[in-house]
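Student: Below you will find the structure I want to go over with you.
Numbering (my numbering), first residue to last: 75 to 523.
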């Protein structure tokens, strides 16, 4: 349910997407961190913003607009604090219990139900909630909402699509990427190769127990494409033990049994080495591949996620983050005003298109190889000199399904991954996996938090 860089270390954050400098927002920078204050004359209010943007390009990208705000606002200043993603949820909860919670929080949307249940997140005021509903796609709004209430401004949004190796498909006599599951399965068998000892040389379709992106993430993307969901609409039980869920598990099981997939392979290394023909993953990977593969990146294509039948409606998975305000903040009005400025105010971008504008957050995300849920901004920022492989992820914003963010979602995701891996490695059958997921996840999401 979450991209790999969220749970197994921030792997994509070690790479910077090489983008034209024209896409960067013009703005002030270099403002020193403000001192704590109270808001009295000569002593400004200082808001703290806690995120996982702890190092490298992410830290620098966030600091640019924060410095711009601090340089142009005298009464309210913003100070950033950061921890590694693996510590972020625990930090939110522990600091809240200790009365040391930050004013502004940047959670992974999967956690929103738990944070709301724990009284950490403040609902967005009506005028901000309206701006969010009006300015962002449905998946981003859904991920930032719990129980019908909106709790923050969506920031990074990731959608899932099909990566494929053009050369491997071409060598197998396949003229275009698959559009249906039947075509996907056929292409996987035709492109898979093993040596005389049965060792995998090329996976036709990349399944991997390496991380969440190639276990939970792509499984849920396929589940959404089949019209299914992981958790029921009321959030009280799992819905994966359904015809759609069974179809996904059957597909993955066949691909492994028939030799087209080898779950023990690290798909990230194997794909960039030309040892995987196709794999489902999120858009963040595009920048990493471009950096790592060099001239071989020309073999990489991206297509919409295949659907079971040709006339089926498109759907895929989206994951994301948001910026919200802590219930314990003493200055919520000022915090929401900063978030409005960061996420909704349009500013000029140095683009080939004269007069082009976008929000600061959208420009921030594109500068590090990501997307936001603001499709208009994305079309502006990706229109000139950008990688065409990003386009399917942008298009998917219109039909992506947000991962469920009920109170027990984090643990439910971990249980789902465990059972998917048991299926892939032959420890459980399809029936056993579905039954076990239903029993374990139902217990988790239905219990009182």
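A virtual CB, placed ideally from N, CA and C, is assigned to each residue, including glycine.
Of all the beta strand (DSSP E) runs that stay within the bounds of the stretch 473 to 515, which reach a length of 3 or more residues?
Tutor: You should have 474 to 476.
Student: Looking at residue 119: is its Cβ nearer than 7 angstroms to the Cβ of residue 411?
Tutor: No, the pair does not count as a contact, with Cβ atoms beyond the cut-off.
Student: Put residue 104 into one of helix, strand or coil per three-state DSSP.
Tutor: Annotation note: pLDDT 39 at residue 104 (below 50); position unreliable, coordinate value reported separately. Coil at residue 104, not helix or strand.
Student: Can you tell me whether residue 279 is helix, strand or coil according to DSSP?
Tutor: Note: residue 279 maps to strand in three-state DSSP.
Student: Within the same chain, show all residues whose beta-carbon is closer than 6 angstroms to that of residue 376, passing over the 5 residues directly before and after it, in chain order.
Tutor: The answer, listed in chain order, is 235, 237, 463 and 466.
Student: Which partner residues does residue 232 have in the DSSP bridge list?
Tutor: For residue 232, which the question treats as bridged, DSSP gives the partners 393.
Student: Identify, in the order they occur along the chain, each residue of the same chain with its Cβ nearer than 7 angstroms to the Cβ of residue 202, setting aside the five sequence neighbours on each side.
Tutor: Within the same chain, residue 202 has close Cβ partners 410 and 414.
Student: How many Å lie between residue 194 and residue 482 at the Cα?
Tutor: Roughly 15 angstroms between the two C-alpha positions.
Student: Would you kindly work out how many angstroms separate the C-alpha atoms of residue 435 and residue 140, rounded to a whole number?
Tutor: Cα-Cα distance, rounded: 11 angstroms.
Student: Which partner residues does residue 244 have in the DSSP bridge list?
Tutor: Beta-bridge pairing links residue 244 to no other residue.
Student: So is residue 476 buried or exposed if we call it buried at 16+ other beta carbons inside 10 Å?
Tutor: So residue 476 counts as buried.
Student: Can you check DSSP and say which residues form a bridge with residue 430?
Tutor: None; residue 430 has no bridge partner.
Student: Which residue marks the beginning of the alpha helix (DSSP H) containing residue 319, and which one marks its end?
Tutor: Where residue 319 is concerned, the enclosing alpha helix (DSSP H) stretches over 317 to 331.
Student: Could you check how far apart the C-beta atoms of residue 360 and residue 299 are, in whole angstroms? I think they sit under 8 angstroms.
Tutor: That belief does not hold up - the Cβ atoms of residue 360 and residue 299 are roughly 20 angstroms apart, past 8 angstroms.
Student: With residue 339 as the anchor, note down where its alpha helix (DSSP H) starts and where it stops.
Tutor: Premise fails: residue 339 is in no alpha helix (DSSP H) and is neither H nor E.
Student: Counting along the chain, where does the beta strand (DSSP E) carrying residue 356 start and finish?
Tutor: Start and end: 350 to 356.
Student: Three or more C-beta pairs under 8 angstroms: does that hold for the stretch 382 to 389 against the stretch 157 to 176?
Tutor: Short answer: they don't touch.
Student: Rounding to the nearest angstrom, what Cα-Cα distance links residue 517 and residue 305 in this structure?
Tutor: Using only the alpha carbons, I get a separation of about 12 angstroms.
Student: Report yes or no: do three or more beta-carbon pairs, one from the stretch 339 to 353 and one from the stretch 428 to 444, lie closer than 8 angstroms?
Tutor: The stretch 339 to 353 is not in contact with the stretch 428 to 444.
Student: Following the continuous alpha helix (DSSP H) through residue 299, name the residue where it begins and the one where it ends.
Tutor: Residue 299 -> alpha helix (DSSP H) spans 290 to 299.
Student: Taking a contact to mean a Cβ-Cβ separation below 7 angstroms, would you say residue 197 touches residue 227 in this structure?
Tutor: Taking 7 angstroms as the Cβ cut-off, residue 197 and residue 227 do not qualify as a contacting pair.
Student: What does a CB cutoff of less than 6 angstroms around residue 169 pick up in its chain, not counting 5 residues either side in sequence?
Tutor: For residue 169, where only same-chain residues beyond five positions count, the Cβ hits under 6 angstroms are 175.
Student: Considering just the uninterrupted stretch of the beta strand (DSSP E) at residue 422, what are its terminal residues?
Tutor: Its beta strand (DSSP E) spans residues 420 to 422.
Student: What separation, rounded to the nearest whole angstrom, lies between the Cα atoms of residue 394 and residue 338?
Tutor: Looking at the two C-alpha atoms, the distance is approximately 27 angstroms.
Student: Any idea which residues DSSP pairs residue 120 with across the strands?
Tutor: DSSP, once it has assigned bridges, lists 151 as partnering residue 120.
Student: Counting along the chain, where does the alpha helix (DSSP H) carrying residue 145 start and finish?
Tutor: Per DSSP, residue 145 belongs to the alpha helix (DSSP H) from 130 to 146.
Student: Consult DSSP for residue 225 and reduce its assignment to one of helix, strand or coil.
Tutor: Three-state result, residue 225: coil.
Student: Quick check: what's the CA-CA separation for residue 179 versus residue 287?
Tutor: If I take the Cα positions, the gap works out to 24 angstroms.
Student: I'd like to check one pair, residue 480 with residue 519: are the Cβ atoms closer than 7 angstroms?
Tutor: Yes; because the gap between Cβ atoms is below 7 angstroms, this pair is in contact.
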